[in-house]
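A short write-up of the structure that comes next.
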Amino acid sequence: MSFPTSDHHDDITDVPGIRVGNAHDEDSKTGVTVILPPSNGAPAGLHMGGSAPSTRQMDSLRPLHVVDRVHGICLCGGSAFGLDADGGVLAYLEEKGVGFQVVGRTIPIVPAAAIFDLNVGNGSIRPDAAMGRRACENAFEGPVTQGSVGAGTGASVGKLFGIEQAMKGGLGSASCRSDDLVVGGLVVVNAYGDVIDTNGNVLAGCRASSTSLEPADSARLLKEGKARSRRISVENTTLAVVAVNARLGKIAASRVAAQATLGMAAVIRPFHSHIDGDLTIVLSVGDKDADPNRIGLLAAEVLQRSVIKAVKSADGLGVLPAWKDRGIGLEI
205 MSFPTSDHHD
215 DITDVPGIRV
225 GNAHDEDSKT
235 GVTVILPPSN
245 GAPAGLHMGG
255 SAPSTRQMDS
265 LRPLHVVDRV
275 HGICLCGGSA
285 FGLDADGGVL
295 AYLEEKGVGF
305 QVVGRTIPIV
315 PAAAIFDLNV
325 GNGSIRPDAA
335 MGRRACENAF
345 EGPVTQGSVG
355 AGTGASVGKL
365 FGIEQAMKGG
375 LGSASCRSDD
385 LVVGGLVVVN
395 AYGDVIDTNG
405 NVLAGCRASS
415 TSLEPADSAR
425 LLKEGKARSR
435 RISVENTTLA
445 VVAVNARLGK
455 IAASRVAAQA
465 TLGMAAVIRP
475 FHSHIDGDLT
485 IVLSVGDKDA
495 DPNRIGLLAA
505 EVLQRSVIKA
515 VKSADGLGVL
525 PAWKDRGIGL
535 EI
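Using the numbering used here, the letters of the sequence shown correspond one by one to residues 205 to 536.
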């Protein structure tokens, strides 16, 4: 296995045919990210491991649903309000003739998922159809801008004690190549838990106090009974999209999506909490024959790196401290 070199981007657009577009509002600190496969669409699968997802048209990814492919994925801020951005993506693709042809109409299938970021910027301004369209217009074949952009603009992590002691999350993307197999991932990290490195050190997460950059270590406090998670919270979600240039049906893609989440579980602590809305989507955009278990292992590694890149690329935007503010070197 090898990772992309200088002639690649080390992001999801290394998978042939994938385009990514971002749009955001810096004042309201929210945004939209679209992932567009080739115009004929892509078979896709879903793993929904969180307890509080905010979604639209996700049922089309379930194995028993009659729809066999999707024409885009829309990730957005704004919680349930932000799902309006998906309408702009649908309208854009309809105008381009991308979608299923039904009784003389073009109907794109674009599952959408939202994070809660209303407590980071101006919560009265949310992604809308115009922002969704703008993200489509900005879509290209890489490199993907990462950090506090698109759907990751208002993302935060480490909310054991609320947003006051949290740090900045964001959007991250990575890829890998194994022979002729290419796997790419993209994440929007808005987790309840802390993001850690592969040695277990907290990179970004809950802080000891609202005026400190010292990590509190959420998992340790929870395990020792020194803190309790809130019973009800809609503030937390990590959204992930994986693309692979291999042939997968909906069932296999859904199983790969479940395997891929293990990469995020290695660097988000705690992960899949009862107050997270986590989900992972896998897009099959190629015709290579590959063992789904092989794809799942590579996807997990790619998502792990994507999570770390998200927080290391994030900017605090003058609202929350970011990893960069801790005085650690900027090498990712």
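Note that the Cβ used here is the ideal one computed from N, Cα and C, for glycine as well.
- Per DSSP, the beta bridge partners of residue 488 are 448.
- Beta-bridge pairing by DSSP links residue 372 to 360.
- Nearest Cα to residue 297 within the set 284, 286, 311, 426: 311.
- Restricted to the stretch 306-370, the beta strand (DSSP E) segments that are unbroken, complete and at least 3 residues in length are 309-311, 316-318, listed in chain order.
- Rounded to the nearest angstrom, the gap between the Cα atoms of residue 372 and residue 242 is 32 Å.
- The C-beta separation of residue 274 from residue 246 comes to about 6 Å, placing the pair in contact by the 8 Å criterion.
- One Cα belongs to residue 494, the other to residue 502, and the distance between them is close to 12 Å.
- Between residue 461 and residue 485, the CB-CB gap stays under 8 Å.
- For residue 400, the enclosing beta strand (DSSP E) has its first and last residue at 398-400.
- As a beta-bridge residue in DSSP terms, residue 379 pairs with 388.
- Burial state of residue 234 is buried, judged by a 10 Å Cβ sphere holding 16 or more other Cβ atoms.
- In its chain, beyond the 5 residues on either side, 364, 425 have a beta carbon closer than 6 Å to the beta carbon of residue 431.
- The C-beta separation of residue 321 from residue 358 comes to about 3 Å, placing the pair in contact by the 8 Å criterion.
- Looking at the DSSP output, residue 257 shares a beta bridge with no other residue.
- The criterion of a C-beta distance shorter than 8 Å is satisfied by residue 481 and residue 257.
- As the crow flies, the alpha-carbon of residue 457 is around 18 Å from that of residue 317.
- Here the alpha carbons of residue 410 and residue 445 stand approximately 25 Å from one another.
- Going by C-alpha positions, residue 477 is about 7 Å away from residue 254.
- In the structure shown, the three-state DSSP call for residue 440 is strand.
- Annotated as distal: residue 271 and residue 374, with beta-carbon spacing of 8 Å or more.
- The C-beta separation of residue 487 from residue 526 comes to about 29 Å, leaving the pair out of contact by the 8 Å criterion.
- Pairing residue 261 with residue 315 gives a Cβ-Cβ distance under 8 Å.
- The alpha-carbon of residue 422 is positioned some 29 Å away from that of residue 388.
- Cα atoms of residue 450 and residue 491: separation of roughly 5 Å, rounded to the nearest angstrom.
- One alpha carbon belongs to residue 468, the other to residue 523, and they sit about 25 Å apart.
- Burial check for residue 402: the Cβ neighbour count within 10 Å stays below 16, so the residue is exposed.
- Secondary-structure assignment with DSSP links residue 239 through a beta bridge to 224, 277.
- Among the bridge pairs identified by DSSP, residue 480 is matched with 440.
- Residue range 496-517 is occupied by the alpha helix (DSSP H) that includes residue 500.
- Non-local C-beta neighbours of residue 396 in its own chain, meaning closer than 6 Å and more than five positions away in sequence, comprise 363, 440, 477, 479, 480, ordered along the chain.
- Residue environment: residue 268 is assigned as exposed (fewer than 16 neighbouring CB atoms within 10 Å of its CB, all protein chains considered).
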